[in-house]
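What follows is a single structure, written as structure tokens, with notes after it.
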Amino acid sequence: MNKVIGTAVNRKDGLAKVTGKATYAAEHQIPGLVHGYLITSAIANGRIRLISTEAAEKAPGVIAVITHKNAPQIFKPTNNFISSKIYETRLPLADEQIHYAGQIVGLVVADTFERARDAAHLVRVEYDLETPLIDPSKATYKPAVSLFGQKMEFRFGEFSAGTEETDSSGASLEATYTTSTELHTPMEPHAIIAHWQGDSLTVYEASQWVMGTQRTYAELFGIPSEKVRIVTPYIGGAFGSKAFPWPHGVLCSAVARQIQRPLKVVVSRRQMTANTGHRSETEQTVRLTAALDGKLAGIVHTAKSATSPVEEFAEPCTTITPAMYAAPNIQTSQTIATLNVGTPIFMRAPGEAPGMWAMESAMDELAWKLNLDPVELRLKNETQTHLQNNLPFSSKHFADCLQEGARRFGWQNRPPQLRTLASDGQLIGWGMAASTFPALRGNASAKVRLLPDGRVNVLTAANDIGTGTYTMVAITAAETLGVSVDRVKVEIGDSLFPDGGIAGGSRMTASLAPAVQQACQNLLKSGNFATTAEALKELQQCGRAALEATGSSAPSREGKQWAFQSWGAHFCEVTVDEELGRLRVTRWVSAMDIGRVMNAKAAASQIRGGIIMGIGEALMEECLFDPNTGHPVVYDLATYHYPCHADVPRIDVTFVGKPDLEFNPLGVRGAGEIGITGVAAAIANAVYHATGRRLRSLPLTPDKLI
Ligand code: MOS
């Protein structure tokens, strides 16, 4: 059998993407298409007193002007994350209430985009203004609940014993770390085309969850799922913001039904700041107590985040804490405030990214306090058990990540004092941090067809948010059937295919690869073929169009026995120019344990992408809301800063994991999110080594470095 899994395979969709042949949501050509333009609120809190649409209705090309006064009928979906979910739960145009600046208050439909936009500006809205609450320091916090309604708190051990540990028997520290609001900035902005034919709906919209989105739209309009088709072959980045339909998608589909015309709504970058989610700012306090040898005695981790008035989404900063280190006493809790800002949402490693910023910064502070090497401190506190459910990790190579990362970086040469490395008037610092992300797996199915000319088709209603699903599916089929990757054609992103699962929580590969493998094995089994060549011979002789089989895969009881988690370690070098306040990341080494690597090239790219996003979180990504108006002061690709090539050094990624065969038959975990975790801490830890300054507030902008 040819060995494909684990080699470096080029993206199946790469050529289409770089030549403009990949069709994104807004690019599908539908005859008779009309255009919608969103009208959004100028105020952040209050009510619409008057909305006058006469001028817009008379404008050239205008087909409809929709406001809360003539809003189309929409049903509330089940909203349980299993069958269906919309963000936010309040339906668009539900009433005259304004909850945040930029909230959708209307939609103008016209024959061209320009005419719709022009007419939208003719709609006059008058408000009864109330003072918005924008500043989180003025907000009231209450205990936060998880997506499934549980209180976000955890206690392990006899906590008082840990907290009362005094400095004579060890060290303790308590510090507060903050992160800023981050905007979702995928290359492809949010857009939808809704096309009704009678009572059947076709939706062209980027979706991380094809079948869930199908069910959601079906529930919104009270029709069976089979009447809804979701088409999403290409997605230009999602990161959590395209997991569930947002108000513009719900509204577009409803209005398209009312006017019985195919309707397109493109959300501008500025409109996206309020209507398609962001990562909430957070404030976290970490308290660590440890013995003089570095053994942790206690961890207290609390987090605050903010949500909108119409949905509770708590950035789950503390959920990772019970998995990290073997402290006998752990306590976590989260609180949340309601602000007049848009609804926050999942963003790459939601919770883990800010959570590991706080935890891994605190671990570095503790290492300095105890005069221990930070790698040593982490090795000393490694846990083989997840302390939340008391289950052993199925396959954990965290120590290898730390040791191999340190070796490749040359960590043993690190000067153990602050402010000792310098070059050309710039201080140089080295920092490191741990990286982690849980491994999730869901249900998935796929169909495989073998054609008489030896080509193979795989069809599944999965999606590729840029993570490499097309290629991963092809690799799995090629390996299982013993054919070359070039012979495998993959078709995904269509609800007509078998349910391919959700691309969320880094679970797509672990869910789908075993299903594709199963489908290929079923195809061979169906005719008792020993090889694909035998199957092909039979196929050619009998003159059939294709041999076909489906396969499904689902987690079983293994989750009752094991905890599944991926691990990593980041090592970096920074330079700091204290006169200019300029911080640059100049060198990066990461060693990761993600179970079996399916595609060496794509996996390394996923980790690099996560690290680059982490560099953004650490150095520049920040969205402030005007405390008076509630509007974001940055709102597009020009004003919201994120890393470009010049901000990113060469990133050395190496994999040290082993196939995690307790997890699934291929032993594969996820690679999509783990890369970002720990990055900001590694950078701030390096800044401390360079300058002696402990920075606890992200991003590390020049004003904090001078
Ligand atoms: Mo991810 S934040 O689960 O798309």
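According to our numbering, the sequence shown is numbered sequentially starting from -10. Beta carbons are placed, not taken as given, at the ideal position from N, Cα and C, and that holds for glycine. Just so you know, these numbers come straight off a predicted model, no measurement behind them.
- Secondary structure at A53: strand, using DSSP grouped into helix, strand and coil.
- Not one heavy atom of ligand 1 is found less than 6 Å from the C-beta of G532.
- Taking D582 as reference, the option from Q530, G656 and T564 with the minimal CA-CA separation is G656.
- Spanning the alpha carbons of Q507 and S189 requires a straight line of approximately 33 Å.
- With a contact defined as Cβ atoms closer than 8 Å, L512 and L536 qualify at about 6 Å.
- Straight-line spacing of the CA atoms in K74 and W235 works out to 10 Å.
- Approximately 56 Å separates the beta-carbon atoms of T680 and L470; this is outside 8 Å, ruling out the contact.
- Taking 6 Å as the cut-off, the C-beta of F486 does not count as close to any heavy atom of ligand 1.
- At a Cβ-Cβ threshold of 7 Å, S196 and R204 do not count as neighbours.
- In the three-state scheme derived from DSSP, where H, G and I count as helix and E and B as strand, I(-6) is classed as coil.
- Distances from the alpha-carbon of R444 to those of D475, M348 and R571 put D475 closest.
- Within the chosen limit of 6 Å, ligand 1 does not reach the beta carbon of F145 with any heavy atom.
- Looking at the DSSP output, P427 shares a beta bridge with Q554.
- A distance criterion of 6 Å places the beta-carbon of G431 beyond contact range of ligand 1, judged by its closest non-hydrogen atom.
- Assigned with DSSP and collapsed to three states, I309 falls in coil, not helix or strand.
- Its chain contains A279, A280 and L281 as the residues whose beta carbon lies nearer than 6 Å to that of G159, once the 5 sequence neighbours on both sides are disregarded; these appear in chain order.
- Check the Cα spacing between P654 and each of T465, T666 and A671: the tightest is with T465.
- Between D636 and C561, the alpha-carbon positions lie close to 13 Å from each other.
- The residue among E171, T165 and T191 with its C-alpha nearest the C-alpha of A14 is T191.
- C-alpha of A428 to C-alpha of H375: approximately 13 Å in a straight line.
- Annotated three-state conformation of R397 is helix, per DSSP.
- W419 has E562 as its beta-bridge partners, per DSSP.
- Here D566 has Q415 as same chain residues with Cβ atoms under 6 Å from its own Cβ, once five neighbours each way along the sequence are excluded.
- Taking the Cβ atoms as the reference, I604 lies roughly 13 Å from R337, outside the contact range of under 8 Å.
- The beta carbons of A504 and G540 sit closer together than 7 Å.
- With contacts defined as CB atoms closer than 7 Å, G570 and I672 fail to qualify as a contacting pair.
- At least one heavy atom of ligand 1 sits closer than 6 Å to the Cβ of P339.
- DSSP places F143 inside the beta strand (DSSP E), whose first and last residues are E142 to F145.
- For the 7 Å CB-CB criterion, I32 and Y166 do not form a contact.
- Distances taken from the Cβ of G344 to the heavy atoms of ligand 1 include none shorter than 6 Å.
- The Cβ-Cβ distance between Y193 and H24 does not fall below 7 Å.
- Rounded to whole angstroms, the Cβ separation of A433 and G344 is 28 Å, and the two are not in contact under 8 Å.
- For G490, there is no enclosing beta strand (DSSP E), since its DSSP letter is neither H nor E.
- Proximity of the beta carbon of G493 to ligand 1 is indicated: a heavy atom of the ligand is located closer than 6 Å.
- For I596, the enclosing alpha helix (DSSP H) covers residues A589 to L608.
- When only Cα atoms are considered, S72 and G201 end up about 6 Å apart.
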